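K.L.:
Starting off with a structure, shown below.
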Amino acid sequence: MHEAPPEEQNFEMVMYMIENGGAREDDDDFQSPLDLLFEALEEEEPDHIAVKQYKIFKQAAGKTAKSILISAAVRLAAFNLPEIARITNGDTLDLGSLGDRKRAVFCCIPDNDTSFNYIVGMLYTQAFQSLYYTADKEHGGRLPVHVRCIFDEFANVALPDDFERVLATCRSREISINIIIQNMAQLKAMFKDSWENITGNCDTFLYLGGNEQGTFKYVSELLGKETIDTRTRSQSRGRNGSSSTNYQQSGRDMPYLFVKSSVALNLS
18 MHEAPPEEQN FEMVMYMIEN GGAREDDDDF QSPLDLLFEA LEEEEPDHIA
68 VKQYKIFKQA AGKTAKSILI SAAVRLAAFN LPEIARITNG DTLDLGSLGD
118 RKRAVFCCIP DNDTSFNYIV GMLYTQAFQS LYYTADKEHG GRLPVHVRCI
168 FDEFANVALP DDFERVLATC RSREISINII IQNMAQLKAM FKDSWENITG
218 NCDTFLYLGG NEQGTFKYVS ELLGKETIDT RTRSQSRGRN GSSSTNYQQS
268 GRDMPYLFVK SSVALNLS
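Taking this note's numbering, the leading residue of the sequence shown gets 18, the next gets one more, and so forth.
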């Protein structure tokens, strides 16, 4: 794809190449249009990385090569849809410039259909990769304009595979992430064994209420003990009346009632 004209560097062209990369089970010497394309590239640049990778693919027998092509076509089938092809036909976002000037990008994801969530996940992955590269290679490790990522309905967002690493390292590059969830159970379901890494890498915890007992307990434990100042005053009446005032401080755990009286969590 790198050698194609800019207007052809998209998933529509990837699907076209897969369609023209046929293989025959009974003829290992069969040459497809895709084979001829890579032969031409090899004549111009024998050491091209694409040529080397394609040679590895061609080592497979006809039946195996056909299976590989079919698997790739099925996996990327969504990019045959006209709407998806149009969205991915060209780059109009210029993700690398997000940290150079003030901009706002909104990703609207339906909460009743997750079939295309992976496309937004690809966008997030590319955005973080571009921002990290721009920060490290062009700005000495820190973006000139702060980038804030607000992940509303975090439980329904398709995240990059290395999200935990991103969350742990983005702050130094002038990137912040706001994670918005309904309760702690959602976070524990997403990161079964490492959810504490997520909360541990967030320096601010904002609690807006809720109805889930596990969240009540978690927030109550975070609050810990409170100090209560008590003042009592007594007075006696009579010929020699007197009065006294006592002051007392005591610690007690923050009760569930306090937490419950406080309908989403915001970690950032």
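We put the beta carbon where it would ideally sit given N, CA and C, even for glycine.
Fair warning: this is a prediction, and the values are worked out from it, not measured in the lab.
1) Going by the beta-carbon positions, is the gap between asparagine 97 and methionine 32 smaller than 7 Å?
2) Given that a residue counts as buried once 16 or more other Cβ atoms are within 10 Å of its Cβ, and exposed if not, what is tyrosine 150?
3) Ignore the nearest five residues each way along the sequence and tell me which others in glutamate 42's own chain have a CB closer than 7 Å to its CB.
4) The alpha helix (DSSP H) spanning leucine 86 covers which residue range?
5) Give the DSSP-derived three-state secondary structure of phenylalanine 208 in the structure shown.
6) Under three-state DSSP, which class holds valine 164?
7) Are isoleucine 197 and phenylalanine 171 closer than 7 Å when you measure CB to CB?
8) Relative to the alpha-carbon of alanine 11, which residue among Glu181, Phe133, Ala121 has its alpha-carbon at the smallest distance?
9) Which residue comes first and which comes last in the alpha helix (DSSP H) that contains phenylalanine 55?
10) Excluding the 5 residues flanking alanine 206 on each side, which residues of the same chain have their C-beta closer than 8 Å to its C-beta?
11) Within 10 Å of its beta-carbon, does valine 91 have 16 or more other beta-carbons around it, so buried, or fewer, so exposed?
12) Measuring CA to CA, which of Gln199, Asn214, Ile87 is closest to glycine 38?
13) Near leucine 274, what residues of its chain come up, given a Cβ to Cβ distance below 6 Å and the 5 sequence neighbours on each side ignored?
14) For isoleucine 126, which of helix, strand or coil comes out of DSSP?
15) Does the region 155-162 come into contact with the region 113-129, if we say contact requires no fewer than three beta-carbon pairs (one atom in each stretch) closer than 8 Å?
16) If you draw a straight line from the alpha carbon of lysine 242 to that of tyrosine 235, how long is it in whole angstroms?
17) Assuming alanine 77 and isoleucine 35 make a contact with CB atoms under 8 Å, what is their CB distance in whole Å?
18) When the Cα of aspartate 290 is compared with those of Glu181, His19, Asp44, Arg188, which residue comes out closest?
19) Would you give the residue range spanned by the beta strand (DSSP E) that serine 193 belongs to?
20) If you follow the beta strand (DSSP E) that leucine 140 is part of, which residue opens it and which one closes it?
21) Compare the beta carbon distance of glycine 138 and alanine 185 with 7 Å and say whether it is the shorter of the two.
22) Check for me: the beta strand (DSSP E) holding phenylalanine 222 runs from which residue to which?
23) Restricting to Cα atoms, I'd like to know which of Glu100, Pro99, Cys166, Ala102 is closest to cysteine 124.
24) Report yes if the CB atom of phenylalanine 47 is closer than 7 Å to the CB atom of tyrosine 71, and no otherwise.
P.N.:
Let me spell this out:
1) Counting from 1 along the sequence shown, the entry for residue 97 is found at position 80. Counting from 1 along the sequence shown, the entry for residue 32 is found at position 15. Contact flag set, yes.
2) Translated into positions along the sequence shown, residue 150 becomes position 133. Burial call: exposed.
3) Locating residue 42 in the sequence shown gives position 25, where the first residue counts as 1. The answer, listed in chain order, is Gly79, Lys80, Lys83.
4) Counting from one through the sequence shown, the residue named residue 86 turns up at place 69. From DSSP, the alpha helix (DSSP H) with leucine 86 extends over 79-92.
5) Position 191 of the sequence shown, counted from the start, is the residue given in the question as residue 208. Three-state result, phenylalanine 208: coil.
6) The residue labelled residue 164 in the question sits at position 147 within the sequence shown. Secondary structure of valine 164 (DSSP, three-state): strand.
7) As a working mapping, residue 197 is identified with position 180 in the sequence shown. As a working mapping, residue 171 is identified with position 154 in the sequence shown. Yes, the pair counts as a contact, with Cβ atoms nearer than the cut-off.
8) Absent from the structure is residue 11, since the part of the chain shown begins at 18 and ends at 285.
9) Residue numbering aside, residue 55 sits at position 38 when the sequence shown is read from its first letter. Element bounds for phenylalanine 55: 50-61.
10) As a working note, residue 206 is residue 189 in the sequence shown. Spatial neighbours of alanine 206 in its own chain (CB-CB distance under 8 Å, excluding positions within 5 residues in sequence) are listed in chain order as Ala172.
11) Reading the sequence shown from its first residue, position 74 is the one you call residue 91. Answer is exposed; the Cβ neighbour count stays below 16.
12) Numbered from 1 along the sequence shown, position 21 holds the residue referred to as residue 38. Answer by Cα proximity: Ile87.
13) Taking the sequence shown and counting its residues from 1, one reaches residue 274 at position 257. Note that leucine 274 scores a pLDDT of 48, beneath 50, so its modelled location is shaky; the value from the coordinates is reported in the next line. No residues qualify anywhere along the chain.
14) The residue labelled residue 126 in the question sits at position 109 within the sequence shown. Coil.
15) By the criterion of at least three beta-carbon pairs nearer than 8 Å, the region 155-162 is in contact with the region 113-129.
16) The count along the sequence shown starts at 1 and reaches residue 242 at position 225. The count along the sequence shown starts at 1 and reaches residue 235 at position 218. Taking the straight line joining both Cα atoms gives about 13 Å.
17) Sequence index remark: in the sequence shown, residue 77 carries index 60 (1-based). Sequence index remark: in the sequence shown, residue 35 carries index 18 (1-based). That belief does not hold up - the Cβ atoms of alanine 77 and isoleucine 35 are roughly 15 Å apart, past 8 Å.
18) No statement about residue 290 is possible, as the shown extent of the chain runs from 18 to 285 and does not include it.
19) Here residue 193 is taken as the residue at index 176 of the sequence shown, counted from 1. Counting along the chain, the beta strand (DSSP E) containing serine 193 begins and ends at 192-198.
20) On the sequence shown, position 123 is the one that residue 140 refers to. Taken as a continuous stretch (DSSP letters only), leucine 140 belongs to no beta strand (DSSP E), being part of the alpha helix (DSSP H) at 134-155.
21) Indexing the sequence shown from 1 puts residue 138 at position 121. Indexing the sequence shown from 1 puts residue 185 at position 168. Not in contact: glycine 138 and alanine 185 (Cβ atoms no closer than 7 Å).
22) As a working note, residue 222 is residue 205 in the sequence shown. Residue range 222-224 is occupied by the beta strand (DSSP E) that includes phenylalanine 222.
23) Translated into the one-based positions of the sequence shown, residue 124 becomes position 107. Among Glu100, Pro99, Cys166, Ala102, the Cα nearest to that of cysteine 124 is on Cys166.
24) Counted from its first residue, the sequence shown places residue 47 at position 30. Counted from its first residue, the sequence shown places residue 71 at position 54. No, the pair does not count as a contact, with Cβ atoms beyond the cut-off.
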